[in-house]
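K.L.:
Residues 65 to 518 in the working numbering are what the sequence shown lists, from first letter to last.
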Amino acid sequence: MFAIAAGLELTPYKSLAGILSKRFGGTADDIGGPMTEALVMASMSTRERMEHVENQLLLKHRMAVKYRRAIAEQRKQTEDMKEQELKQQSRKIMRTPHPLTHLLSQKRCEYFVGLGTDPSVPQVLQFEGKVYCRTLEKAEAERTVHTIWRSKREFEGTHNINVTLPDYLYIFLQRKFSKAQTLSEAAYNLLYSLSKHMYDPDCSIFLKVLMNEVGEDIREQQDGLKSTFLEALKHIDEETNVKATGWLLKNDMRAGLRKSFQNKTEHQMVELFDALDSDEPRELVNYFRLFDSDNDLNQGVFAETIRQQHLNEQMAFYQSIEDAILDQVEKNGNDACTPQMLSTAFKKTHPHMSSEEVDVYQRRVFPSKNEKDKGKKASVPLDEALGLLRTPHMTHLVDLNTALDISRKGGAARAASPSLQIWTEKGGENTEQQEQGKEANEVAPENEENQGQE
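This is the structure we're talking about:
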């Protein structure tokens with residue numbers, strides 16, 4: 065640092081920078097901080113230094129945009145929660161909150177109080193007593209989520225079954241932890257950590273699926289959204305450049321956005337345009353790279369904005385129908401939902417939807433094949449109906465006990481990790497144990513040796 069302050073010529077230190085890098089096999093940040101970074105910069109050509117500075121500025125700009133978007137998303141969620149609280153205060157009948165709701169709303173604390181063993185609490189969260197709060201870094205929590213989704217898909221595909229996410233999370237963690245205390249600690253801290261990064265689509269989607277606020281099919285919807293959008297851009301590319309080049313001008317990109325997302329508000333379109341400018345400050349855009357992820361599984365601002373908008377739209381869609389049903393329940397003075405009430409709710413909130421589209425949701429809530437049960441007299445308890453409304457029917461769905469039996473007989477659940485955070489029994493400090501493995505996919509708090517690894 066003093067060398068920089070004194071304005072010394074660093075070019076003669078090129079060889080030293082190379083020796084340091086070769087000897088320690090690290091980067092400027094790993095070896096000696098600002099001094100070594102200055103040496104490395106001195107060894108670069110002027111062009112390389114300019115490119116390095118430009119890249120650093122671009123990264124900082126993207127982070128600033130992400131933080132700004134995160135604050136805006138957090139503010140929106142807070143406003144939505146306040147709005148729902150006001151509605152609930154005026155209602156006599158309302159949907160029962162998910163057991164996780166109170167836990168996730170807590171600020172930083174020393175420990176959580178277990179949610180108990182009531183049947184309404186998912187098995188993975190059933191625990192009596194204290195659960196120490198040791199939150200994960202965002203990157204660690206997100207890697208764990210990606211590992212769980214991939215492991216779940218492999219497990220279900222291997223055995224031709226479907227398992228709910230709460231049930232599979234229990235299976236996944238049980239293969240790693242034999243004690244209830246450590247399993248609960250891993251589950252509570254993972255979910256609490258995710259709740260602190262709800263601006264990130266991967267974090268928010270995992271939690272909302274687990275809490276039955278939206279179905280697992282939202283991940284497929286977003287994959288389809290991405291594919292359709294990229295295909296539309298490719299078509300514009302072919303029309304503009306004779307053949308697909310992978311590059312488009314910003315004006316063509318904006319036109320493609322408006323054409324692909326005609327139902328979005330002007331405010332949403334401006335958000336997408338700003339996100340695009342953040343990721344791609346130049347006029348020429350490599351559109352196939354817009355959905356790439358970095359080493360910490362973070363996507364660019366543009367990709368995350370599209371995904372978060374889609375999630376918010378789905379949540380608003382279900383919330384509007386739920387509110388319309390609750391209004392009718394309040395008026396009728398009962399605590400059940402009928403097919404007629406559901407139809408009325410759709411007509412009030414989404415009159416543009418066809419009868420065929422509404423029937424899809426009718427079959428979710430009232431799947432009975434008996435025609436007599438489909439009449440106006442058929443009813444489903446309110447909480448059950450509102451949960452079924454948000455969750456598509458899963459074929460070959462098995463319960464937790466069946467899935468556990470299958471898992472014990474050789475289910476393909478990945479639990480191995482080359483980097484596991486091991487929490488000490490005494491609770492204060494944590495130590496990190498590096499284990500050799502092929503994949504660096506999942507990190508979770510643990511205070512006992514791995515159990516039942518493949």
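We put the beta carbon where it would ideally sit given N, CA and C, even for glycine.
Keep in mind that this is a model prediction, so the values were computed, not measured.
(1) Does DSSP put SER257 in a helix, a strand or coil?
(2) Would you report the Cα separation of MET275 and VAL424, rounded to the nearest angstrom?
(3) Give the single residue among ILE157, GLU192 and ILE470 whose Cα lies nearest to the Cα of ALA400.
(4) Looking at C-alpha atoms only, which residue of ASP463, GLY397, ASN465 and VAL422 is the closest neighbour of ARG454?
(5) If I follow the unbroken beta strand (DSSP E) through VAL209, where does it start and stop?
(6) Enumerated in chain order, which unbroken segments of the alpha helix (DSSP H) with a length of 4 residues or greater are wholly contained in the region 312-353?
(7) What separation, rounded to the nearest whole angstrom, lies between the Cα atoms of ASN253 and GLU174?
(8) DSSP three-state label for ASN119, please.
(9) Name the DSSP bridge partner or partners of PHE191?
(10) When you compare the region 411-421 with the region 456-476, are there three or more beta-carbon pairs, one atom per stretch, that lie closer than 8 Å?
(11) At the level of alpha carbons, what is the spacing between GLU204 and HIS210?
(12) Give me the Cβ distance between ASP301 and ALA308, rounded to the nearest whole Å; I'm assuming they're in contact under 8 Å.
(13) Distance, Cα to Cα, THR246 vs GLU347?
(14) Taking just the CA atoms, how far does PHE325 sit from GLU448?
(15) Here's a check: name, in chain order, each residue in its chain whose Cβ is nearer than 6 Å to the Cβ of LYS216, leaving out the five neighbours to either side.
(16) CA-CA distance, GLN426 and TYR382?
(17) On the criterion of 16 or more Cβ atoms from any shown chain inside 10 Å, does VAL117 qualify as buried, or is it exposed?
(18) Please go through the same chain and pick out, in chain order, the residues whose beta-carbon is closer than 6 Å to the beta-carbon of ASP387, but skip the five residues on each side of it.
(19) Which residues bound the alpha helix (DSSP H) around LEU271?
(20) Could you have a look at GLN170 and say whether DSSP puts it in helix, strand or coil?
(21) Can you tell me which of PHE236, VAL227, LYS272 and THR228 puts its alpha carbon nearest to the alpha carbon of SER165?
(22) Quick check on DSSP: helix, strand or coil for PRO456?
(23) Taking C-beta to C-beta, are ILE235 and SER471 nearer than 8 Å?
(24) Could you tell me the boundaries of the alpha helix (DSSP H) in which LEU467 lies?
(25) Would LEU375 and PRO265 qualify as a contact pair, given that the criterion is a beta-carbon distance under 8 Å?
(26) Going by other Cβ atoms of all chains shown within 10 Å of its Cβ, with 16 needed for buried, is SER257 buried or exposed?
(27) For ALA409, count the other beta carbons within 10 Å of its own beta carbon; 16 or more makes it buried, fewer makes it exposed. Which is it?
(28) With distance defined between alpha-carbon atoms, name the residue in LYS298, GLU368, THR110 and PHE352 nearest to GLN332.
(29) Are PHE176 and LEU167 close, meaning C-beta to C-beta below 8 Å?
(30) Please classify ALA250 as buried or exposed, where buried requires at least 16 other C-beta atoms within 10 Å of its C-beta.
(31) Could you give the DSSP three-state label for PRO445: helix, strand or coil?
(32) Between which residues of its own chain and GLU344 is the CB-CB distance below 7 Å, once the five residues before and five after are set aside?
(33) Spell out the partners DSSP gives SER419 in its beta bridges.
(34) Indicate the three-state DSSP secondary structure (helix, strand or coil) for ALA308 in the structure shown.
(35) Using a Cβ-Cβ cut-off of 6 Å (strictly less than) and excluding sequence neighbours within five positions of MET458, which residues of its own chain qualify?
(36) What are the start and end residues of the alpha helix (DSSP H) that includes ARG371?
P.N.:
This is what the structure gives:
(1) Counted from its first residue, the sequence shown places residue 257 at position 193. Looking at SER257 - three-state DSSP - the assignment turns out to be helix.
(2) The count along the sequence shown starts at 1 and reaches residue 275 at position 211. The count along the sequence shown starts at 1 and reaches residue 424 at position 360. Rounded to whole angstroms, MET275 to VAL424 spans 22 Å at the Cα level.
(3) Counting from 1 along the sequence shown, the entry for residue 400 is found at position 336. Of ILE157, GLU192 and ILE470, the residue nearest in Cα terms is ILE157.
(4) Mapped onto the sequence shown, residue 454 falls at position 390. Here the closest residue by C-alpha is VAL422.
(5) Residue 209 sits at position 145 when you count from the first residue of the sequence shown. That residue, VAL209, is in no beta strand (DSSP E); its alpha helix (DSSP H) goes 202-223.
(6) 314-324 and 330-343
(7) One-based indexing of the sequence shown puts residue 253 at position 189. One-based indexing of the sequence shown puts residue 174 at position 110. For ASN253 and GLU174, the distance between alpha carbons rounds to 11 Å.
(8) Within the sequence shown, the letter at position 55 stands for residue 119. In the structure shown, ASN119 sits in a helix (DSSP, three-state: H, G or I).
(9) Here residue 191 refers to the residue found at position 127 when the sequence shown is read from its first residue. Answer is GLY180, bridged to PHE191.
(10) no
(11) As a working note, residue 204 is residue 140 in the sequence shown. As a working note, residue 210 is residue 146 in the sequence shown. Approximately 10 Å, taken between the alpha carbons.
(12) Within the sequence shown, residue 301 is the residue found at index 237, counting from 1. Within the sequence shown, residue 308 is the residue found at index 244, counting from 1. Indeed, because the Cβ distance is near 5 Å, the residues count as touching under 8 Å.
(13) In the sequence shown, the residue the question calls residue 246 occupies position 182. In the sequence shown, the residue the question calls residue 347 occupies position 283. C-alpha separation (whole angstroms): 52 Å.
(14) Here residue 448 refers to the residue found at position 384 of the sequence shown. Here residue 325 refers to the residue found at position 261 of the sequence shown. So the two alpha carbons sit approximately 33 Å from each other.
(15) Looking up residue 216 in the sequence shown gives position 152. Only TYR232 meet the Cβ criterion.
(16) Taking the first residue of the sequence shown as 1, we reach residue 426 at position 362. Taking the first residue of the sequence shown as 1, we reach residue 382 at position 318. For GLN426 and TYR382, the distance between alpha carbons rounds to 13 Å.
(17) Numbered from its first residue, the sequence shown carries residue 117 at position 53. So VAL117 ends up on the exposed side.
(18) By 1-based counting over the sequence shown, the position of residue 387 is 323. Around ASP387: no qualifying Cβ.
(19) Position 207 of the sequence shown, counting from 1, holds the residue named residue 271. 265-274 is the extent of the alpha helix (DSSP H) around LEU271.
(20) As a working mapping, residue 170 is identified with position 106 in the sequence shown. The answer is coil: DSSP assigns GLN170 none of H, G, I, E or B.
(21) In the sequence shown, the residue the question calls residue 165 occupies position 101. Per the sequence presented here, residue 165 reads as Thr, with Ser not at that position. Out of PHE236, VAL227, LYS272 and THR228, LYS272 has the C-alpha closest to the C-alpha of THR165.
(22) Residue mapping note: residue 456 aligns to position 392 of the sequence shown, counting from 1. Coil, per DSSP.
(23) Position 171 of the sequence shown holds residue 235. Position 407 of the sequence shown holds residue 471. Yes, the pair counts as a contact, with Cβ atoms nearer than the cut-off.
(24) Sequence index remark: in the sequence shown, residue 467 carries index 403 (1-based). It is Ala, not Leu, that sits at residue 467 in the sequence shown. It spans 464-472 - the alpha helix (DSSP H) in which ALA467 sits, taken as one unbroken run.
(25) On the sequence shown, residue 375 is found 311 positions in, with the first residue counted as 1. On the sequence shown, residue 265 is found 201 positions in, with the first residue counted as 1. Against a cut-off of 8 Å, the Cβ pair of PRO265 and LEU375 comes out as a contact.
(26) Working through the sequence shown from its first residue, we reach residue 257 at position 193. Classification of SER257: buried, given that the 10 Å Cβ count is 16 or more.
(27) Counting from one through the sequence shown, the residue named residue 409 turns up at place 345. By the neighbour-count rule (16 or more Cβ atoms within 10 Å), ALA409 is buried.
(28) Counting from one through the sequence shown, the residue named residue 332 turns up at place 268. Ranked by Cα distance from GLN332, the options LYS298, GLU368, THR110 and PHE352 are led by GLU368.
(29) Here residue 176 is taken as the residue at index 112 of the sequence shown, counted from 1. Here residue 167 is taken as the residue at index 103 of the sequence shown, counted from 1. In contact: PHE176 and LEU167 (Cβ atoms closer than 8 Å).
(30) Within the sequence shown, numbered from 1, the residue matching residue 250 stands at position 186. The residue in question, ALA250, is buried, as its Cβ has 16 or more Cβ neighbours within 10 Å.
(31) For the purposes of this step, residue 445 is identified with residue 381 of the sequence shown, where counting begins at 1. It is a strand residue.
(32) Residue numbering aside, residue 344 sits at position 280 when the sequence shown is read from its first letter. Once the five neighbours on either side are set aside, GLU344 has no close Cβ partner at all.
(33) The residue labelled residue 419 in the question sits at position 355 within the sequence shown. Note: SER419 sits in no beta bridge, so no partner.
(34) As a position in the sequence shown, residue 308 is number 244, starting the count at 1. For ALA308, the secondary structure class from DSSP, reduced to helix, strand or coil, is coil.
(35) Your numbering for residue 458 matches position 394 in the sequence shown. Counting only Cβ-Cβ distances below 6 Å, and skipping sequence neighbours, we find ASN226.
(36) One-based indexing of the sequence shown puts residue 371 at position 307. First-last of the alpha helix (DSSP H) with ARG371: 365-396.
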